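J.:
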Amino acid sequence: MADPVTVLLPEALRRLFPGAPRQAEVTAGTVAEAIAALDRLWPGMADRLCDSTPAIRRHLNIFVDGERARLDTPIPPRGEMLVMTWISGG
Amino acid sequence: MTQVKLLLGTKKGAFILDGDGDRRDWALRGPFCETWPINHVIADPATGTIWAAGGNEWFGPAVWRSTDVGESWTHSSTGLAYPAGETPIKAAWSLALGPDGTLWCGVEPAGLFRSDDRGETWTQVTGLTSHPSRADWQPGGGGMILHGILPHPADADRLWVAISVAGVFATEDGGATWAPRNRGTRQDYAPEEQRYPEHGQCVHALAMAAGMPDRLYQQNHCGMYRSEDGGRVWTSIEAGLPSSFGFPAVAHPRDPDTLYLLPLNGDQAGRYMPDAAAAVWRTRDAGANWQALRDGLPQQHAYFGVMRRAMAADRLDPAGVYFGTSGGGLYASADEGEAWTCIAEHLPTILSVETLVRDG
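In structure tokens form, the structure reads like this:
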């Protein structure tokens, strides 16, 4: 069993899932596993973070311990996964 | 007391205008759906449930739902996805409720999904996207979108869809198989000898005549048309109109011979009101003759357009007719289009208008 990691969620995402906190602890070894864990806590959240490629959505960035990550990027034990919205909109 | 609600999809969220049977005073609520671009908002007249289809640049496509007339909203895209490896869905574009309660959703890139649980989960209608013509479908200026869905009012197996740029397709077996329904509609962007193909036309809007489900009207990028046989053959009805170009087409709620169009000045001429003077055009004889309805509409400096879903009629008698502009203005007529009033200004670009009438 992997160790807990810390996930930081952006405000615009949290507004879509009432009750979702800024910071959550999930058990995961990769970004994909962390997103799956988030989806179990807040059903539908994986669809907001990933497209069906599957890939992280184009205008979102995910950083693991400060480095830009992909779905298969490992998260070290006690690591931090930061979800950020990228410059977009219209 | 009769309640009339106008459901708006805009570039920055959904809005609702609340009015009564007089349709004179309106109260605006919104923006809803977290200001996502919302392409289409519809309601179930039996229950009042509202659905809003859209897509957000950050978080992707979803269909929002409100069961309390807009007070609170949830969203779902469970199943609203193409298989891994295919181009992902960018946005949900169009909605329709079938006679058996099936909720249909058209998406970009063009495809169709169905929900049998009122929008909680979705299943792709693979029969459409596996049509042999699929490789020929091309995006237009608005993307490659399935923007129109017309269910037969009584036969749940029959459905028409409008795809840009591919044309009209119909199913008579609940979505298992599809056939193009474009004969007689023009494709001015093809070489001259190829202008009446089986598919590849740029349909802009479809409308069904009241009580005559095989009579369809169509606003196309290249002309206005009527079909008397469910779209198998189309006949031009553009004579008498100021241009052959426009986006919406709205059928009267009771009279199958009455149709409303909003011609723009031309696809390469700015796409605004002809001569910058706004008019809704109405036929009372299925397209043989047309009348410009201008009373109350701006007659100078009207450089706005009206999008393909941004006009609607209510079911009251006399029928109310409504349209929203690219400049965020909303116009209403409570007398079948004779006189118009601007009932909202300064909204975001209005992408769709639908009505919900409730008694009691």
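Just so you know, the protein sequences line up as chains R and D, in that order. The numbering of the first sequence is our numbering, which starts it at 800 and goes up by one. The numbering of the second sequence is our numbering, which starts it at 15 and goes up by one. We treat Cβ as the ideally placed atom computed from N, Cα and C, and that holds for glycine. Treat the numbers as computed from the prediction; the structure is a model and nothing was measured.
1) Using a beta-carbon distance below 8 Å, is S129/D in contact with chain R?
2) Check whether chain D comes within 8 Å of R821/R, counting only Cβ atoms and requiring the distance to be less than that.
3) Would you grab the beta carbon distance between T24/D and L365/D for me? Rounded to a whole angstrom, and I think it's under 8 Å.
4) Does any residue of chain D have a CB that is nearer than 8 Å to the CB of T805/R?
5) Note down, in chain order, every chain D residue with its Cβ under 7 Å from the Cβ of G888/R.
6) Whose C-alpha, out of C216/D, R246/D, R229/D, A224/D, is nearest the C-alpha of G237/D?
7) In this structure, does DSSP put A819/R in helix, strand or coil?
8) Kindly confirm or deny that the segment 858–870 of chain R and the segment 18–32 of chain D touch, where touching means at least three C-beta pairs closer than 8 Å.
9) Give every residue of the same chain whose Cβ lies closer than 6 Å to the Cβ of G93/D, excluding the five residues on either side of it in the sequence, and list them in chain order.
10) Less than 8 Å between CB atoms is the rule here; does Y96/D satisfy it with respect to chain R?
11) Check for me: the alpha helix (DSSP H) holding A41/D runs from which residue to which?
12) Can you confirm whether the segment 112–126 of chain D touches the segment 149–167 of chain D when touching is taken to mean that 3 or more C-beta pairs between the two stretches lie within less than 8 Å?
13) Please confirm whether E48/D has its beta-carbon closer than 8 Å to some beta-carbon of chain R.
14) I need the DSSP call for S147/D, collapsed to helix, strand or coil.
15) Can G310/D and T339/D be called in contact, C-beta distance under 8 Å?
16) In chain R, which residues lie with their C-beta within 8 Å of the C-beta of H89/D?
17) Report buried or exposed for D802/R, applying the criterion of at least 16 other Cβ atoms within 10 angstroms of its Cβ.
18) For W304/D, I'd like the list of residues in its chain whose CB is within less than 6 Å of its CB, leaving aside the five on either flank, ordered along the chain.
19) Is there a Cβ of chain D sitting closer than 8 Å to that of T829/R, yes or no?
20) Among R240/D, W192/D, A67/D, Q232/D, which one has its Cα closest to the Cα of N53/D?
21) Taking contact to mean at least 3 C-beta pairs separated by less than 8 Å, is the segment 242–253 of chain D in contact with the segment 188–200 of chain D?
22) Can you name the start and end residues of the alpha helix (DSSP H) that R128/D belongs to?
T.: Here's the rundown:
1) At a cut-off of 8 Å between beta-carbon atoms, S129/D makes no contact with chain R.
2) So, not an interface residue.
3) With a Cβ gap of about 6 Å, T24/D and L365/D count as contacting.
4) It does not; no Cβ of chain D falls within 8 Å.
5) Those are E71, listed as they occur along chain D.
6) Nearest option by C-alpha distance: C216/D.
7) Residue state, collapsed to three classes: coil.
8) Cβ pair count under 8 Å is below three, so no.
9) Sequence-distant partners of G93/D (beyond 5 residues in either direction) whose C-beta falls short of 6 Å from its own C-beta, in its chain, are T135, W136, T137.
10) By the rule that beta-carbons nearer than 8 Å mark a contact, Y96/D touches chain R.
11) Not the alpha helix (DSSP H): A41/D falls in the beta strand (DSSP E), residues 41–46.
12) Touching, per the Cβ criterion.
13) Closer than 8 Å to some Cβ of chain R, the Cβ of E48/D qualifies, so yes.
14) Collapsing the DSSP output to three states places S147/D in a helix.
15) In this structure, T339/D does not lie closer than 8 Å to G310/D by Cβ.
16) Within 8 Å Cβ-Cβ: L815, G843.
17) D802/R is exposed by the Cβ-count criterion.
18) Setting aside the 5 residues that flank it on each side, W304/D is surrounded in the same chain by G254, L255, W295, T297, each with a C-beta closer than 6 Å to its C-beta; the list follows chain order.
19) With 8 Å as the cut-off, T829/R does not count as an interface residue toward chain D.
20) Considering only alpha carbons, the answer is A67/D.
21) Three or more beta-carbon pairs drawn from the segment 242–253 of chain D and the segment 188–200 of chain D are found closer than 8 Å, and the two stretches are therefore classed as touching.
22) Counting along the chain, R128/D falls outside any alpha helix (DSSP H), though it belongs to the beta strand (DSSP E) covering 125–129.
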